[in-house]
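Quick notes on the structure that follows.
Residue numbers (the working numbering): 94 to 305.
Below you can see the structure in the form of structure tokens.
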């Protein structure tokens, strides 16, 4: 395994920990280059093949060593410590869930907020330079207007967006159809919810493959 993609080297957790948190309209942080440039080629090469829209639990996918190391780092202590510092939150003993996306469909990106069982959401994008107007996640000020936003995040490779779930944490993006790779990491309130989410996504993934 290449040194740059070994444990604790693919992610720039120091950059995350030292990036100020935005508070308008809710707590969020954006870190371009969070995945180090040297690690990107191997991660792209070993990213799971996903030819359908939707979120897939990583446990249901086939992938290589560099992607596996990325998953380990995302769920590791350095990552948790950085998120705790940015959001001033204690995530001790909080379980995590991780899902992976490979493609986007036109109905994706509708304005929504995450479920109350999610504490922190982290999105790590893995796409080449993004020129499309669609597919750029927006940090929204309301649940009604996609044009009323505080920040817009192109899903370019290595970019991180993380936010604290709240009653105002609305987000969404303009329609896009095609390849749009992203990993989603969540710290959640309980093991029960984590198990339910993994089971729900696994069942959904099974039927997506069945109907392929």
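No residue lacks a Cβ here, since even glycine has one placed at the ideal position from N, Cα and C.
These numbers come from a predicted model, not from an experiment.
Rounded separation between residue 272 and residue 145 - CA only: 9 Å
Rounded separation between residue 104 and residue 116 - CA only: 24 Å
Assigned secondary structure, residue 287 (DSSP; H/G/I helix, E/B strand, else coil): helix
Alpha helix (DSSP H) segments (min. 4 residues) lying fully within the stretch 169 to 235: 170 to 180
Inter-stretch contact at 8 Å, needing at least 3 Cβ pairs: the stretch 236 to 252 / the stretch 160 to 173: no
Helix, strand or coil at residue 266 according to DSSP, with G and I counted as helix: coil
Residue burial classification, residue 221 (beta-carbon count within 10 angstroms, cutoff 16): exposed
Endpoints, the alpha helix (DSSP H) within which residue 164 is located: 158 to 167
Where the alpha helix (DSSP H) containing residue 108 begins and where it ends: 106 to 110
Distance, residue 198 Cα to residue 204 Cα: 15 Å
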